[in-house]
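>
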Amino acid sequence: MARITQLIHVNIVVSDIQESVKFYTEMLGARVIREWHGESETSGEVLGFGKGTARWHAFLLRWGEGDEMAFPQIDLLQWLDPPSVGKPYDTMAHVGIPRICLEVDNIDEIYAELAAKGVSFLTKPKPLNPKTERGSRTKIVCLLDPDGTTIELIGRGHPSADRPSK
Numbered sequence: 501m502a503r504i505t506q507l508i509h510v511n512i513v514v515s516d517i518q519e520s521v522k523f524y525t526e527m528l529g530a531r532v533i534r535e536w537h538g539e540s541e542t543s544g545e546v547l548g549f550g551k552g553t554a555r556w557h558a559f560l561l562r563w564g565e566g567d568e569m570a571f572p573q574i575d576l577l578q579w580l581d582p583p584s585v586g587k588p589y590d591t592m593a594h595v596g597i598p599r600i601c602l603e604v605d606n607i608d609e610i611y612a613e614l615a616a617k618g619v620s621f622l623t624k625p626k627p628l629n630p631k632t633e634r635g636s637r638t639k640i641v642c643l644l645d646p647d648g649t650t651i652e653l654i655g656r657g658h659p660s661a662d663r664p665s666k
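Following the numbering used here, the numbering of the sequence shown begins with 501 at its first residue and continues without gaps.
#1: So, at 6 Å on beta carbons, what are the nonlocal neighbours of Gly538 in its own chain, with the 5 sequence-adjacent residues on each side left out?
#2: Which whole-angstrom value describes the C-beta separation of Glu652 and Arg599, a residue pair presumed to lie in contact below a C-beta threshold of 8 Å?
#3: Between Ala593 and the rest of its own chain, which residues show a CB-CB distance below 7 Å, the 5 nearest in sequence each way excluded?
#4: Check Pro664 in the structure and name its three-state DSSP category.
#5: Since I believe Val521 is in contact with Phe559 (beta carbons under 8 Å), could you give me their beta-carbon distance rounded to a whole number of angstroms?
#6: Residues in its own chain within less than 6 Å of Leu577 by CB, not counting five upstream and five downstream?
#7: Looking at C-beta atoms only, is the number of pairs between the stretch 585-592 and the stretch 559-573 that lie closer than 8 Å three or more?
#8: So who's on the other strand from His557, going by DSSP bridges?
Below, the structure is given as structure tokens:
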């Protein structure tokens, strides 16, 4: 039986590709791996737009060191024809992909840096599971990108610190 072998990328559709690339690179520290303008006579049908040509402007981004084409990646994409429309999910309970999560090395520090730069957060960093034996060392915080897409940041503590209480 054939099987899926890995996650390649997650698309985030944006309304202004330049503004979004600036946010993800300058604020969140992503690296641009590739930029391209695409147009395909078959992609419209394959991607569910119906028959006809689809046009887009996209950037592949990733975090971390090493092979630039390592996966997974974020595919920021602005549809040109048909144009990007709509708003991100307004609740985390919405069916689909309401957020992506990025691991950070110091959640309190990155929160302070980004908040000082005007990034919009839903709350301050909070323990992931406050009802653990010794308190949670893993913290999370959610922020909004320029289009309102939710980005979760997670700062992990020692794994044994987050075992649930008995």
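For every residue, glycine included, the Cβ atom is placed at its ideal position computed from N, Cα and C.
For this structure:
#1: Working through the sequence shown from its first residue, we reach residue 538 at position 38. Answer for Gly538: Trp556, listed in chain order.
#2: The residue labelled residue 652 in the question sits at position 152 within the sequence shown. The residue labelled residue 599 in the question sits at position 99 within the sequence shown. That belief holds up - the Cβ atoms of Glu652 and Arg599 are roughly 5 Å apart, short of 8 Å.
#3: Reading the sequence shown from its first residue, position 93 is the one you call residue 593. Contacts found: none.
#4: In the sequence shown, residue 664 corresponds to position 164, counting from 1. Here the model assigns Pro664 a pLDDT of 49, short of 50, so the residue's position is not dependable and the matter cannot be decided.
#5: If you number the sequence shown from 1, residue 559 lands on position 59. If you number the sequence shown from 1, residue 521 lands on position 21. Between Val521 and Phe559 the Cβ distance is about 5 Å, and since that is below 8 Å, they are a contact.
#6: Position 77 of the sequence shown, counted from the start, is the residue given in the question as residue 577. Closer than 6 Å at the Cβ level, and outside the excluded window around Leu577, lie Asn511, Val513, Trp556 and Ala558.
#7: no
#8: Along the sequence shown, read from residue 1 onward, the residue named residue 557 stands at position 57. BP columns for His557 point to His537 and Gln578.
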